[in-house]
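Novice: Residue numbers (mature numbering (1 follows the signal peptide of the UniProt record, and there is no 0)): -25 to -1, 1 to 184.
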Amino acid sequence: MTSKRSLVRRTVAVATAGAAAVVLAACGGSDDSATSGHDGHTTKSPSASASASQGQHNTADVMFAQGMIPHHRQAVEMADLASTRAQGAQVKTLAEDIKKAQDPEIQTLSGWLTSWGEDVPAEDAMDHSMHESGGMMTAEEMDKLEKSSGKAFDTAFLEMMIKHHEGAVAMAKSEQTDGVYGPAKKMADAIVTSQSAEITQMNTLLGRN
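Pasting the structure below:
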């Protein structure tokens, strides 16, 4: 009986040692295969694929972001003036809507540029080449708007913002055509839709429709 128990113990010990050896070998093999897997298949890992997908952008995307940031900043500056200078309630509401929409977009655009390693336009940056193609207001036009009030302000604001929006829509359409970064193209779609509708609304307020 004693010899049988001893034999059982030895058998269990051998089996346990063998199992441990198998486990250790498996662990070692797992480490080796993981290393070779990362070396040979880095781009196929889910996290890397997601990062690559999110990071795909081109020159058009960069130009869209860098151009739209100062453009939006000026629109927000114009909208801020309306709170104390506008006469019409609809003009004030429109200005507030513009600010609410474009302030967050400035932050988003800035975030994209930072993640791409591109320069974010400085607060006082102004691309004068955009005055015509981008619908940006000149310093003189902004000065005129700032010195206006009441109905005169409403008219000047609406006329300038129509021009400003038309420039933004043109920039957004270029992004739709030439950009490749999904979120930027989605923002461009939203800008075309919302600002085209606001152009129609502003023309109505001016009695042009």
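Ideal Cβ positions, reconstructed from N, Cα and C, are used throughout, including at glycine. Since the structure is predicted, the reported quantities are computational estimates derived from the model, not experimental observations.
What residues are listed by DSSP as bridge partners for A35?
Specialist: Counting from 1 along the sequence shown, the entry for residue 35 is found at position 60. None, per the DSSP bridge assignment.
Novice: From the DSSP output, in three-state form, read off M177 for me.
Specialist: Position 202 of the sequence shown, counting from 1, holds the residue named residue 177. Three-state DSSP puts M177 in a helix.
Novice: Given 8 Å as the limit, is there contact between the stretch 70 to 78 and the stretch 92 to 100, that is, 3 or more CB pairs closer than that?
Specialist: Under the three-pair Cβ rule at 8 Å, the stretch 70 to 78 does not count as touching the stretch 92 to 100.
Novice: With a threshold of 7 Å on Cβ separation, who are the neighbours of H106 within its own chain once the five nearest residues in sequence on each side are excluded?
Specialist: Translated into the one-based positions of the sequence shown, residue 106 becomes position 131. Reliability of the predicted coordinates at H106 is poor, the pLDDT of 47 falling under 50, and the value obtained from them is presented with this limitation in mind. T113.
Novice: So, using beta-carbon positions, are E150 and I174 closer together than 8 Å?
Specialist: Mapped onto the sequence shown, residue 150 falls at position 175. Mapped onto the sequence shown, residue 174 falls at position 199. No, the Cβ-Cβ distance between E150 and I174 is not below 8 Å.
Novice: For M38 and E116, what's the separation of their Cα atoms in angstroms?
Specialist: In the sequence shown, the residue the question calls residue 38 occupies position 63. In the sequence shown, the residue the question calls residue 116 occupies position 141. M38 and E116: Cα-Cα distance of roughly 25 Å.
Novice: Which stretch, first to last residue, makes up the alpha helix (DSSP H) that contains G110?
Specialist: Looking up residue 110 in the sequence shown gives position 135. Segment: none, G110 is in no alpha helix (DSSP H) and carries neither H nor E.
Novice: Between the Cα of W91 and those of E121, Q41 and Q170, spot the shortest distance and give me the residue it belongs to.
Specialist: For the purposes of this step, residue 91 is taken as the residue at position 116 of the sequence shown. Residue Q41 is the option with its Cα nearest to W91.
Novice: Secondary structure at A97, three-state DSSP: helix, strand or coil?
Specialist: What you label residue 97 is simply residue 122 of the sequence shown in a count that begins at 1. A97: coil per DSSP, three-state reduction.
Novice: Could you tell me the distance, in whole angstroms, from the CA atom of S11 to the CA atom of H32?
Specialist: Taking the sequence shown and counting its residues from 1, one reaches residue 11 at position 36. Taking the sequence shown and counting its residues from 1, one reaches residue 32 at position 57. With a pLDDT of 39 at S11, under the threshold of 50, the predicted position of this residue should be treated as unreliable, and no value is reported.
Novice: Note down, in chain order, each residue of its chain lying with its Cβ closer than 8 Å to the Cβ of N184, except the 5 sequence neighbours on either side.
Specialist: The count along the sequence shown starts at 1 and reaches residue 184 at position 209. The answer, listed in chain order, is T175 and N178.
Novice: Using only CA atoms, which one of D36, A57, Q49 and M43 lies nearest to K122?
Specialist: To locate residue 122, count along the sequence shown from 1; it is residue 147. Ranking D36, A57, Q49 and M43 by Cα distance to K122 puts A57 first.
Novice: With distances taken between CB atoms, is the gap from G182 to H139 smaller than 8 Å?
Specialist: Within the sequence shown, residue 182 is the residue found at index 207, counting from 1. Within the sequence shown, residue 139 is the residue found at index 164, counting from 1. Result no, Cβ atoms of G182 and H139 do not sit closer than 8 Å.
Novice: State the Cα-Cα distance for the pair S171 and H46, rounded to the nearest angstrom.
Specialist: Numbered from 1 along the sequence shown, position 196 holds the residue referred to as residue 171. Numbered from 1 along the sequence shown, position 71 holds the residue referred to as residue 46. Looking at the two C-alpha atoms, the distance is approximately 16 Å.
Novice: Is the CB-CB distance between F128 and M53 below 8 Å?
Specialist: On the sequence shown, position 153 is the one that residue 128 refers to. On the sequence shown, position 78 is the one that residue 53 refers to. Contact flag unset, no.
Novice: Assuming Q82 is part of the alpha helix (DSSP H), what are its boundary residues?
Specialist: Residue mapping note: residue 82 aligns to position 107 of the sequence shown, counting from 1. Here the alpha helix (DSSP H) through Q82 covers A64 to W91.
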